[in-house]
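First residue of the sequence shown? That's 1 in our numbering, and the numbers climb one at a time after it.
Have a look at the structure below before the remarks.
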Amino acid sequence: MEDTTPLKPRELTQNPLKKIWMPSHDLKLSFPSPSLIAVCMTNCPTLIVTVGLPARGKTYISKKLTRYLNWIGVPTREFNVGQYRREFVKIYKSFEFFSPDNEEGLKIRRQCASAALNDVRQYLTEDAGQVAVFDATNTTRERRETIIQFAEQNGFKVFFVESVCEDPDVIQENIVQVKLGSPDYTNCNTEEAAEDFMKRIKCYENSYEPLDEVLDRDLSFIKIMDVGQRYLVNRVLDHIQSRIVYYLMNIHITPRSIYLCRHGESELNVNGQIGGDSGLTAGGKEFAKKLSQFIQAQGISDLKVWTSQMKRTIQTAEALCVPYEQWKVLNEIDAGVCEEMMYEEIQDHYPLEFALRDQDKYRYRYPKGESYEDLVQRLEPVIMELERQENVLVVCHQAVMRCLLAYFLDKTAEELPYLKCPLHTVLKLTPVAYGCKVESISLNVDAVNTHRERPEVGILLNTHTLRHFVKVKMVHKWIYVVHNLSLEARPNERLRAPLCPCAGFNRCSFINRCISMRFPFLPSSMRELTAT
1 MEDTTPLKPR ELTQNPLKKI WMPSHDLKLS FPSPSLIAVC MTNCPTLIVT
51 VGLPARGKTY ISKKLTRYLN WIGVPTREFN VGQYRREFVK IYKSFEFFSP
101 DNEEGLKIRR QCASAALNDV RQYLTEDAGQ VAVFDATNTT RERRETIIQF
151 AEQNGFKVFF VESVCEDPDV IQENIVQVKL GSPDYTNCNT EEAAEDFMKR
201 IKCYENSYEP LDEVLDRDLS FIKIMDVGQR YLVNRVLDHI QSRIVYYLMN
251 IHITPRSIYL CRHGESELNV NGQIGGDSGL TAGGKEFAKK LSQFIQAQGI
301 SDLKVWTSQM KRTIQTAEAL CVPYEQWKVL NEIDAGVCEE MMYEEIQDHY
351 PLEFALRDQD KYRYRYPKGE SYEDLVQRLE PVIMELERQE NVLVVCHQAV
401 MRCLLAYFLD KTAEELPYLK CPLHTVLKLT PVAYGCKVES ISLNVDAVNT
451 HRERPEVGIL LNTHTLRHFV KVKMVHKWIY VVHNLSLEAR PNERLRAPLC
501 PCAGFNRCSF INRCISMRFP FLPSSMRELT AT
């Protein structure tokens with residue numbers, strides 16, 4: 001007989017890091033499993049496939065796109081077929097390897113493409129990847145059809161990115177800047193290498209079949225023509241593809257420099273307090289003057305200056321005596337209930353919050369405030385504008401500068417919150433072929449050090465009557481607490497942990513909140529400590 005018992009909704013548990021409510025992870029689901037499958041199908045992985053002749057910027061696009069998607073929190077990996085070929089064929093001889101008449105070379109290239117696609121499958125199905133970038137020429141419809149069949153068999157969406165360029169100067173510059181430095185030409189002089197590479201391009205030209213808006217009208221793709229002079233976008237199907245198009249239509253290759261610096265030293269910096277909206281100290285004002293002299297010495301006539309809407313960045317920019325724009329999105333990370341507190345005060349008043357932040361500083365969200373993850377999403381429009389602009393000076397804050405720097409230097413979420421961005425120092429970023437050159441310029445004005453190093457695994461939390469030595473680590477996105485207790489009390493004395501005013505929990509003790517977060521192996525001895 002069919003069970004007609006109505007399904008009960010699952011209990012909600014507050015995620016301790018992000019401060020959001022989530023259904024409890026019971027073994028029995030409270031809703032039919034088929035609906036879960038439908039959600040997964042809607043959000044299936046995406047395979048980005050580059051198309052184009054050699055020296056058209058495909059790898060440049062692949063690397064930038066991979067960096068951007070990872071920065072906004074979409075797990076992405078690049079699979080460059082050229083790297084597979086170099087591992088298979090240790091010594092490159094000449095362009096003849098790429099000749100359409102070279103059957104042995106064609107066989108090896110097919111094997112390399114197949115190996116790369118196998119790794120794509122593993123990444124997207126087993127390694128929790130969401131986007132894979134398949135970086136190769138893929139110049140024939142036959143090759144692209146093979147990739148489409150592979151994607152259909154594995155449940156992946158496909159989005160093609162084609163780069164078309166007929167400007168000989170751009171092609172030549174790409175060959176000189178990028179290709180001549182590749183492992184294929186380590187033992188060749190510049191002229192020989194350039195000549196060989198041009199012949200390699202010729203090997204592809206006769207069989208090249210560009211994406212066509214009529215013949216390929218059923219495919220999802222963007223065609224980038226002459227380094228962004230024109231675009232053709234066809235059949236964008238989902239959010240990820242629209243983000244990809246939006247990003248690719250903003251990047252350019254014009255030489256420029258981006259200057260990042262923090263505001264001058266503020267009054268709250270000197271006091272060791274975080275957040276707030278205080279003004280500059282005497283040292284901070286001196287830095288602002290030195291910054292003005294530094295910018296004038298750079299001799300950039302078209303420099304744009306951006307600040308946040310906070311007093312300390314505006315005071316810094318005022319000393320430059322140039323027009324500047326205020327961006328609210330450049331404001332410092334919101335520390336919520338911890339605004340204008342010292343770290344020692346946070347540790348004393350919110351011991352569990354202090355410990356949680358140390359365990360995953362990127363994803364931890366302050367009660368009624370923000371996380372670094374939130375800040376990255378807030379700063380995405382700034383990144384888009386920085387990609388569109390030429391020379392820009394951004395006067396911002398420590399957490400904001402870390403997020404921007406992590407984008408340009410391709411840093412992981414774990415590295416981002418601990419990047420060093422000292423006061424009274426300017427970072428000059430110059431985009432190069434596959435990355436970014438960084439110059440650090442100190443303006444020699446003393447300031448306090450606001451950098452907090454990555455803590456040890458063990459964290460000492462002081463409370464009034466109970467001292468917990470708590471070790472917290474992330475395992476499968478859940479926090480597990482391993483503890484050693486040192487109780488400052490007589491044997492058999494019943495202890496009560498002091499109240500911790502945490503967001504979302506009224507009158508909860510430190511241990512009670514641990515229990516409410518469903519830490520899986522919190523022993524009964526700790527539960528008994530909370531008895532009244």
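Glycine is no exception: its CB is placed at the ideal position from the N, C-alpha and C atoms.
Fair warning: this is a prediction, and the values are worked out from it, not measured in the lab.
Taking only runs of the beta strand (DSSP E) that begin and end inside the segment 244–270, which ones reach a length of at least 3 residues, in chain order?
-> 258–262
What is the rounded straight-line gap between the Cα of residue 131 and the Cα of residue 66?
-> Taking the sequence shown and counting its residues from 1, the one referred to as residue 131 is at position 131. Taking the sequence shown and counting its residues from 1, the one referred to as residue 66 is at position 66. So the alpha carbons of these two residues sit roughly 9 Å apart.
Can you check DSSP and say which residues form a bridge with residue 440?
-> The residue labelled residue 440 in the question sits at position 440 within the sequence shown. Residue 440 pairs with 427.
Quick one: is residue 19 buried, meaning 16 or more other Cβ sit within 10 Å of its Cβ, or exposed?
-> Mapped onto the sequence shown, residue 19 falls at position 19. Around the beta carbon of residue 19, a 10 Å sphere encloses 16 or more other beta carbons of the protein chains shown; the residue is thus reported as buried.
Would you tell me roughly how many angstroms separate the C-alpha atoms of residue 309 and residue 60, rounded to the nearest one?
-> What you label residue 309 is simply residue 309 of the sequence shown in a count that begins at 1. What you label residue 60 is simply residue 60 of the sequence shown in a count that begins at 1. Cα-Cα distance, rounded: 35 Å.
For residue 327, does the count of other Cβ atoms within 10 angstroms reach 16, so buried, or fall short, so exposed?
-> Locating residue 327 in the sequence shown gives position 327, counting from the first residue. When all chains shown are included, residue 327 counts as buried.
Using the rule of at least 16 other Cβ atoms within 10 Å of the residue's Cβ for burial, across every protein chain shown, is residue 420 buried or exposed?
-> Stepping through the sequence shown from its first residue, residue 420 is reached at position 420. Exposed, by the Cβ-count rule.
Leaving out the 5 sequence neighbours to the left and right, which residues in its chain are closer than 6 Å to residue 418 when beta-carbon positions are compared?
-> Position 418 of the sequence shown, counted from the start, is the residue given in the question as residue 418. Here the set comprises 454.
Under a three-way DSSP split, which group does residue 226 fall into?
-> In the sequence shown, residue 226 corresponds to position 226, counting from 1. Three-state DSSP puts residue 226 in coil, outside helix and strand.
In this structure, does DSSP put residue 163 in helix, strand or coil?
-> Walking along the sequence shown from the start, residue 163 turns up at place 163. Assignment of residue 163 by DSSP, reduced to helix, strand and coil, places it in the strand class.
Roughly how far, in whole angstroms, is the beta-carbon of residue 136 from the beta-carbon of residue 50, given that I think they are within contact range, below 8 Å?
-> As a working mapping, residue 136 is identified with position 136 in the sequence shown. As a working mapping, residue 50 is identified with position 50 in the sequence shown. Sure, about 7 Å apart at Cβ, within 8 Å.
Cβ pair count under 8 Å reaching 3, the segment 286–301 against the segment 317–335 | yes
Going by DSSP, which residues form a beta bridge with residue 396?
-> On the sequence shown, residue 396 is found 396 positions in, with the first residue counted as 1. DSSP, once it has assigned bridges, lists 262 as partnering residue 396.
Take every Cβ of the segment 327–337, pair it with every Cβ of the segment 373–391, and state whether three or more of those distances are shorter than 8 Å.
-> yes
Pull up the DSSP beta-bridge partners for residue 280, would you.
-> Walking along the sequence shown from the start, residue 280 turns up at place 280. DSSP output for residue 280 lists 266 as bridge partner(s).
Do the segment 229–240 and the segment 210–219 touch if we need at least three Cβ pairs shorter than 8 Å?
-> Touching, yes.
Sort out for me which residues DSSP pairs residue 157 with in a bridge.
-> Translated into positions along the sequence shown, residue 157 becomes position 157. Beta-bridge pairing links residue 157 to 46.
Mind the definition here: the segment 248–268 touches the segment 276–289 only if three or more C-beta pairs lie below 8 Å; say whether that holds.
-> yes
Rounded separation between residue 295 and residue 306 - CA only | One-based indexing of the sequence shown puts residue 295 at position 295. One-based indexing of the sequence shown puts residue 306 at position 306. Cα to Cα, residue 295 sits roughly 14 Å from residue 306.
Quick one: grab the DSSP three-state call for residue 237.
-> Position 237 of the sequence shown, counted from the start, is the residue given in the question as residue 237. Coil, per DSSP.
Roughly how many angstroms separate the alpha carbons of residue 253 and residue 80, rounded to a whole number?
-> To locate residue 253, count along the sequence shown from 1; it is residue 253. To locate residue 80, count along the sequence shown from 1; it is residue 80. Distance between the alpha carbons of residue 253 and residue 80: 21 Å.
List the DSSP bridge partners of residue 306.
-> Residue mapping note: residue 306 aligns to position 306 of the sequence shown, counting from 1. Paired residue(s): 325, 394.
Straight-line gap, residue 189 to residue 171 (C-alpha atoms, nearest Å) = Walking along the sequence shown from the start, residue 189 turns up at place 189. Walking along the sequence shown from the start, residue 171 turns up at place 171. About 19 Å.
Tell me where the alpha helix (DSSP H) around residue 66 begins and ends.
-> Indexing the sequence shown from 1 puts residue 66 at position 66. Looking at the DSSP string, the run of the alpha helix (DSSP H) that includes residue 66 is 58–71.
Would residue 207 be called buried (16 or more neighbouring beta carbons within 10 Å of its own) or exposed?
-> As a position in the sequence shown, residue 207 is number 207, starting the count at 1. So residue 207 counts as exposed.
Write down every uninterrupted run of the beta strand (DSSP E) in the segment 122–151 whose length is 3 residues or greater and which is fully enclosed by it, in chain order.
-> 131–135
Write down the C-beta distance between residue 201 and residue 55 rounded to the nearest angstrom, noting that I regard them as a contact closer than 8 Å.
-> Taking the first residue of the sequence shown as 1, we reach residue 201 at position 201. Taking the first residue of the sequence shown as 1, we reach residue 55 at position 55. Contact annotation, residue 201 with residue 55: C-beta distance approximately 6 Å; criterion of less than 8 Å satisfied.
Which whole-angstrom value is the C-beta distance of residue 429 and residue 257, which I expect to be below 8 Å?
-> Counting from one through the sequence shown, the residue named residue 429 turns up at place 429. Counting from one through the sequence shown, the residue named residue 257 turns up at place 257. Distance from residue 429 to residue 257 at the Cβ level is roughly 7 Å; contact confirmed, criterion being Cβ atoms closer than 8 Å.
Per DSSP, which residues does residue 23 bridge with? Please list them.
-> By one-based count along the sequence shown, residue 23 stands at place 23. Paired residues: 12.
Is the beta carbon of residue 337 less than 8 Å from the beta carbon of residue 71?
-> Taking the first residue of the sequence shown as 1, we reach residue 337 at position 337. Taking the first residue of the sequence shown as 1, we reach residue 71 at position 71. No, the Cβ-Cβ distance between residue 337 and residue 71 is not below 8 Å.
In this structure, does DSSP put residue 416 in helix, strand or coil?
-> Here residue 416 refers to the residue found at position 416 when the sequence shown is read from its first residue. Secondary structure at residue 416: helix, using DSSP grouped into helix, strand and coil.
In chain order, what residues of the same chain have a beta carbon less than 6 Å from the beta carbon of residue 451, not counting five sequence neighbours either side?
-> Mapped onto the sequence shown, residue 451 falls at position 451. The answer, listed in chain order, is 420.
How is residue 435 classed by DSSP in three states: helix, strand or coil?
-> Here residue 435 refers to the residue found at position 435 when the sequence shown is read from its first residue. In this structure, residue 435 counts as strand in the three-state DSSP scheme.
So what's residue 208 in DSSP terms, helix, strand or just coil?
-> Translated into the one-based positions of the sequence shown, residue 208 becomes position 208. It is coil, neither helix nor strand.
Alpha helix (DSSP H) containing residue 80: first to last residue?
-> In the sequence shown, the residue the question calls residue 80 occupies position 80. Per DSSP, residue 80 belongs to no alpha helix (DSSP H); it is in the beta strand (DSSP E), 76–80.
Where residue 352 sits in the DSSP three-state scheme = If you number the sequence shown from 1, residue 352 lands on position 352. Residue 352: helix per DSSP, three-state reduction.
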